[in-house]
Amino acid sequence: MDAAEERRFREFVSARSPALMRLAYLLTGGDQHAAEDLLQTALARTVTRWRSVEAPEAYVRQAMYRQQVSWWRRRRETVVAEPPGRALPDGTHGVDLRIDMRRALARLTARQRAVLVLRYYEDLPEAEVAGILGCSVGTVRSTAHRSLARLRELAPELREPYTIFGEATA
């Protein structure tokens with residue numbers, strides 16, 4: 001990027017940041033820090049293609065929408081009818097769940113762990129997991145199915161009221 005393009009980008013950021021920050025704030029549900037991260041990520045993506053961008057604000061807005069959707073997809077929440085029975089008033093429920101999950105995953109084979117982590121934790125599509133692991137999509141599907149069943153068998157403490165990787169275990 002030459003000096004003139006850099007100046008043009010800086011002027012755009014200076015002029016439009018307040019409006020873009022308001023949008024980011026709304027997209028993140030009012031989380032100031034997440035909004036700052038979202039805007040920064042979108043601007044970082046924009047600067048790499050600055051020369052070819054015809055409508056800078058529209059480009060940044062679209063980058064923000066897509067990035068936020070990507071973050072939403074990675075942050076899956078499980079809605080349950082009743083609060084978990086194992087929740088403690090001191091807020092250690094999440095810690096207990098992570099410890100239980102880590103122990104249960106350690107009991108699986110490396111391939112089973114890899115499939116579950118790539119497929120459900122990293123939220124990668126089956127085809128991409130198959131490419132990473134060098135196997136077929138069918139192998140990923142069957143391994144994921146058997147691995148979840150094995151996880152349920154090895155760690156019944158995760159069955160109720162928890163979910164395993166976003167899937168109900170009951």
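Under full-length UniProt numbering, the letters of the sequence shown match residues 1 to 170, in that order. The beta carbon of each residue, even a glycine, is placed where N, CA and C say it ideally should be.
- Between the alpha carbons of Gln-67 and Leu-108 lies a gap of roughly 33 Å.
- Scanning its chain for C-beta atoms nearer than 6 Å, with the 5 sequence neighbours on each side dropped, one finds around Ala-127 the residues Val-137, in chain order.
- Comparing alpha-carbon positions, the option among Thr-48, Glu-6, Gln-40 lying closest to Tyr-65 turns out to be Gln-40.
- Here Val-117 carries a helix assignment [DSSP, helix/strand/coil].
- Within the same chain, Val-115, Leu-116, Arg-119 come within 7 Å of Ala-144 by CB-CB distance, once the 5 residues on both sides are set aside.
- Under the 10 Å beta carbon count, Ser-14 is surrounded by fewer than 16 other beta carbons and is classified as exposed.
- Cβ-Cβ separation between Ala-24 and Ala-35: approximately 4 Å, consistent with a contact (criterion under 8 Å).
- The beta carbons of Val-140 and Ala-130 sit closer together than 7 Å.
- The beta-carbon distance between Thr-46 and Val-60, rounded to whole angstroms, is 5 Å. This is short enough to meet the 8 Å contact definition.
- Taking all protein chains in view, the Cβ of Ser-142 is surrounded by fewer than 16 other Cβ atoms within 10 Å, so the residue is classified as exposed.
- Cβ-Cβ separation between Ala-42 and Ala-63: approximately 4 Å, consistent with a contact (criterion under 8 Å).
- Counting along the chain, Arg-51 sits inside no alpha helix (DSSP H), nor does DSSP assign it H or E at all.
- Within the same chain, Cβ atoms closer than 7 Å to the Cβ of Ala-104 are found at Leu-151, Leu-154, Ala-155, Leu-158, the five residues on either side in sequence being excluded.
- In the three-state reduction of the DSSP assignment, Met-21 falls in the helix class.
- In the structure shown, Glu-128 falls within a helical segment according to DSSP collapsed to helix, strand and coil.
- The DSSP assignment places 3 to 27 as complete runs of the alpha helix (DSSP H) inside the region 1 to 46, in order along the chain (cut-off: 4 residues).
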